[in-house]
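Below is one structure, written out as structure tokens; comments come after it.
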Amino acid sequence: GQNIDQPTEMTATEGAIVQINCTYQTSGFNGLFWYQQHAGEAPTFLSYNVLDGLEEKGRFSSFLSRSKGYSYLLLKELQMKDSASYLCAVRDQVRSNYQLIWGAGTKLIIKP
Amino acid sequence: NAGVTQTPKFQVLKTGQSMTLQCAQDMNHEYMSWYRQDPGMGLRLIHYSVGAGITDQGEVPNGYNVSRSTTEDFPLRLLSAAPSQTSVYFCASRNREGSYEQYFGPGTRLTVT
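Put into structure tokens, the structure is as follows:
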């Protein structure tokens, strides 16, 4: 079947590093997205991985291993504004028009 | 650019009422989608459109209709509201080409009593 798993909630300290994991099962993998969603707001795009390896963008990095069905989002130098939910989504080429399968999201709480 | 706009931001309906959630984008995107977001669940696709005049069903289409008469607008109609449709609704758009990054509207929080 098709499924995405990510932890429900994580807590980290301001200034530290946190890694949010995402595992997926899909029949036609064609890319993985990470989105950030602050409470009461819309999701906003963070990163896109389609090949294995690490993509770095400022304080945020995203890693993909297609053979393991695994990705992680790495957040460095955590700031209070990073408190949000982080959504993992996989694009599936088997679904018509490459629809996305979404995880339930990981709520990240940053403590001073 | 305003991006993706949605109205209303909040709505309360009684069971059996109908209404239309509005969505518009000014980025000339061909692809538009409607999602619902419920606690503890991932975003679920209701309906989507790949261009003016073309719509198709997503994962959870029952109880909803859409139309796409222009590139800019993609309204979502609730035919006869039910408490199970209490949710936050997001409209999104994206380009046909490229990384397929989606741009989301601010959402409509709907409560059906």
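Here the protein sequences come in this chain order: A and B.
Taking the working numbering, the leading residue of the first sequence gets 1, the next gets one more, and so forth.
Taking the working numbering, the leading residue of the second sequence gets 1001, the next gets one more, and so forth.
C-beta: ideal position from N, C-alpha, C; glycine also.
Note that the structure is predicted; figures quoted are calculated from it, not measured.
Item, Value
"Residues bridged to residue 21(A) (per DSSP)", "72(A)"
"Closer than 9 Å to chain A by CB, residue 1102(B)", "yes"
"Counted within 10 angstroms of its Cβ, other Cβ atoms place residue 52(A) as buried (16 or more) or exposed", "exposed"
"Endpoints, beta strand (DSSP E) assigned at residue 107(A)", "106-111"
"Proximity below 9 Å, CB of residue 1085(B) to CB of residue 1093(B)", "no"
"Residue 1042(B) and residue 105(A) closer than 9 Å at C-beta", "yes"
"Contacts around residue 112(A), its chain only, beta-carbon distance under 8 Å, and the 5 residues preceding and following it disregarded", "13, 14, 80"
"Residue burial classification, residue 91(A) (beta-carbon count within 10 angstroms, cutoff 16)", "buried"
"Helix, strand or coil at residue 1014(B) [DSSP, three-state]", "coil"
"Environment of residue 1037(B) [buried if 16+ CB atoms lie within 10 Å]", "buried"
"Residue closest to residue 1076(B), alpha-carbon to alpha-carbon, out of 1083(B), 1082(B), 1067(B)", "1067(B)"
"9 Å Cβ cutoff, residue 1041(B) in contact with chain A", "yes"
"Helix, strand or coil at residue 1022(B) [DSSP, three-state]", "strand"
"Residue from 107(A), 16(A), 25(A) with nearest C-alpha to residue 68(A)", "25(A)"
"Chain A contact for residue 1074(B) (CB, 9 Å cutoff)", "no"
"7 Å Cβ cut-off: residues of chain B touching residue 102(A)", "1042, 1043"
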